[in-house]
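So the protein sequences, as listed, match chains H and D. One rule links them: number in my numbering = place in the first sequence (from 1) + 25. One rule links them: number in my numbering = place in the second sequence (from 1) + 25. Just so you know, even glycine gets a beta-carbon here, dropped at the ideal spot from N, CA and C. Accompanying notes for the structure given below.
Protein chains: 2
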Amino acid sequence: MGMTADAETATRRHTIPEPQGAAPVAGRNLLFLREEELRLAQDLLFFGYRDFTGVADQLLVELNMGRAHHRVLHFVGRRPGITVGDLLAILSITKQSLGRVLQPLVEEGYVVQTPGASDRRQRLLALTEKGAALERRVFERQRETIMRAYREAGPTAVEGFRRVMRGLMGTEARDLLKLLEDEPQEGGRRR
Amino acid sequence: MGMTADAETATRRHTIPEPQGAAPVAGRNLLFLREEELRLAQDLLFFGYRDFTGVADQLLVELNMGRAHHRVLHFVGRRPGITVGDLLAILSITKQSLGRVLQPLVEEGYVVQTPGASDRRQRLLALTEKGAALERRVFERQRETIMRAYREAGPTAVEGFRRVMRGLMGTEARDLLKLLEDEPQEGGRRR
DNA sequence: GCATATGCGTCAATAATGCTGACCCATAAG
DNA sequence: CTTATGGGTCAGCATTATTGACGCATATGC
């Protein structure tokens with residue numbers, strides 16, 4: 026479909042080295058950029074993400090919660106003291122959508138809100154012990170999935186996985202990710 | 026939370042080799058299996074998948090379609106002649122959920138159904154030219170995202186990415202993925 | 001100190017995607 | 001001829017997301 030005969034041929038064999046015209050890129054060849062390889066990436070992301078989230082979802086429905094609740098627990102646990110606004114930026118959803126899951130989590134004692142010290146309009150979010158325990162239960166499930174995948178693939182593959190996943194993100198997400206990685210616990214960073 | 030002081034310390038430094046008790050696993054160390062690394066994987070998958078699908082969603086809403094429509098177009102395009110049952114297995118949704126997106130796609134001429142040759146109860150699915158054109162438009166968007174990520178990361182990283190993503194899948198998904206990879210085009214394989 | 005901006009909460013209405021349970025039709029297979 | 005299977009469809013419901021509009025408390029600039 027709109028491909029030349031040559032491109033069609035290249036799509037079939039995996040072993041033929043085929044340097045892409047003029048491209049002064051480091052390393053071997055660029056076969057991994059062919060259409061078939063890119064479509065495979067779509068499949069991998071679909072099945073991988075589906076099964077990765079699936080194991081957690083199973084447990085969550087038993088607790089009458091959805092994936093959205095877990096995301097809140099995860100990111101609040103990751104950055105205790107996070108503001109509502111920052112959480113919204115991370116989740117990329119609207120205030121209303123967040124409210125619907127956050128409110129029950131607060132009411133049922135999984136999350137606490139405390140007024141910001143410097144800006145008392147803010148509601149800094151943190152997990153209660155109950156919330157942390159729940160988050161951990163869900164995490165244990167995904168942990169096994171990830172550990173199996175990481176262990177089977179090996180350290181080099183894991184590093185590659187990280188690089189590619191980072192590359193799939195927009196610049197915004199990369200910055201947010203940095204915030205999550207830095208400053209392990211103490212909450213309160215400002216843009 | 027529930028970690029020993031030693032574990033806490035290990036969570037901080039990246040460079041301390043820490044052989045995991047008795048584990049005769051090949052290769053360096055197992056640092057990449059620490060809790061912090063696994064939580065990072067959660068973040069990577071969340072942001073990566075979000076942005077990967079996001080670029081396509083943008084275009085899809087303009088066409089009054091959702092992600093579910095795209096998934097159907099993608100997998101039907103990947104395996105022309107696929108049966109409804111096989112598609113259901115791939116998507117892991119119910120017949121009713123599929124019907125809601127498949128029906129409009131057929132009515133609006135994106136997908137055609139033809140009775141199976143050997144079993145006339147089956148409705149073999151395939152894209153029309155219109156459907157293939159649409160699928161391609163959406164693909165072009167994701168293609169750029171993936172290509173950028175792959176190119177920046179390099180061939181070794183890409184291979185690692187694939188290994189890890191495969192590892193995240195359950196055995197069922199891995200088998201389905203094999204079906205998609207083998208037999209490039211000719212539809213009609215049986216279990 | 002007052003006007004305005006910001007952080008957060010909330011109401012109402014709507015859409016997309018998924019689910020279960022129950023049936024139906026056409027065709028395959030014993 | 002009976003039963004199983006592939007597929008379609010109806011009704012009802014849950015979750016997660018959206019937009020638009022408003023209200024309240026607190027910061028901030030002049």
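- Taking Arg103 of chain H as the centre and dropping the five residues before and after it, the same chain places the C-beta of Leu205 closer than 6 Å to its C-beta, in chain order.
- The residue among D:Leu193, D:Glu165, D:Gly185 with its C-alpha nearest the C-alpha of Glu60 of chain H is D:Glu165.
- Residue contact with chain D for Ala114 of chain H: absent (no Cβ-Cβ distance below 9 Å to any residue of chain D).
- Residues of the segment 152–181 of chain H with a C-beta less than 8 Å from any C-beta of chain D: Ala157, Arg161, Phe164, Gln167, Arg168, Thr170, Ile171, Met172, Arg173, Ala174, Tyr175, Arg176, Glu177, Ala178, Gly179, Pro180, Thr181, listed in chain order.
- Relative to Arg96 of chain H, the option among H:Thr139, H:Leu152, H:Asp68 whose CA is nearest is H:Leu152.
- Along the segment 78–150 of chain D, the beta strand (DSSP E) occurs as fully enclosed runs of 3 or more residues at 136–140, listed in sequence order.
- Arg96, His99, Arg103, Ser117: these are the residues of the segment 93–127 of chain D whose beta carbon lies less than 8 Å from some beta carbon of chain H, given in chain order.
- Ranked by Cα distance from Ala142 of chain H, the first of H:Gln167, H:Phe71, H:Thr108 is H:Thr108.
- Closer than 9 Å to the CB of Val183 of chain H there is at least one CB belonging to chain D.
- Contact annotation for Asp76 of chain H against chain D: Leu193, Met194, Gly195, Ala198 [CB-CB distance below 8 Å, chain order].
- Interface with chain D (9 Å Cβ-Cβ cutoff): Met90 of chain H is excluded.
- Between the segment 183–194 of chain D and the segment 177–184 of chain H there are three or more inter-stretch CB-CB distances shorter than 8 Å, so the stretches are counted as touching.
- Here Leu55 of chain D carries a coil assignment [DSSP, helix/strand/coil].
- A residue is called buried when at least 16 other Cβ atoms come within 10 angstroms of its Cβ; Asp200 of chain D does not meet this threshold and is exposed.
- For the segment 133–146 of chain H, no residue has a beta-carbon sitting nearer than 7 Å to a beta-carbon of chain D.
- The alpha carbon of Pro105 of chain H has as its nearest neighbour, out of H:Leu84, H:Gln138, H:Asn89, the alpha carbon of H:Gln138.
- Here Leu88 of chain D is exposed: its Cβ has fewer than 16 other Cβ atoms, across all protein chains shown, within 10 Å.
- Within the segment 59–84 of chain H, those residues whose Cβ lies closer than 9 Å to any Cβ of chain D are, in chain order, Glu60, Glu61, Glu62, Leu63, Arg64, Leu65, Ala66, Gln67, Asp68, Leu69, Leu70, Phe71, Phe72, Gly73, Tyr74, Arg75, Asp76, Phe77, Thr78, Gly79, Val80.
- The criterion of a C-beta distance shorter than 9 Å is satisfied by Phe100 of chain D and Leu112 of chain D.
- Burial is judged here by how many other beta carbons sit within 10 angstroms of a residue's own beta carbon; Gln83 of chain H has fewer than 16 and is exposed.
- Taking a beta-carbon distance threshold of 9 Å, Glu206 of chain H counts as an interface residue toward chain D.
- In this structure Leu98 of chain H touches Gly156 of chain H by the C-beta definition: roughly 6 Å separates them, less than 8 Å.
- Chain-order list of chain D residues neighbouring Leu202 of chain H: Asp68, Phe72, by C-beta distance under 7 Å.
- In chain H, no part has a C-beta under 9 Å from the C-beta of Val86 of chain D; the shortest such distance is about 15 Å.
- The Cβ-Cβ distance between Ile171 of chain H and Leu63 of chain D falls below 9 Å.
- The alpha-carbon of Glu177 of chain H is positioned some 12 Å away from that of Leu55 of chain D.
- Residue-level contact check: Leu56 of chain D touches chain H, since one or more beta carbons of chain H fall below 9 Å from its beta carbon.
- Arg187 of chain H has a beta carbon lying within less than 9 Å of a beta carbon in chain D.
- Leu152 of chain H is bridged by DSSP to H:Val136.
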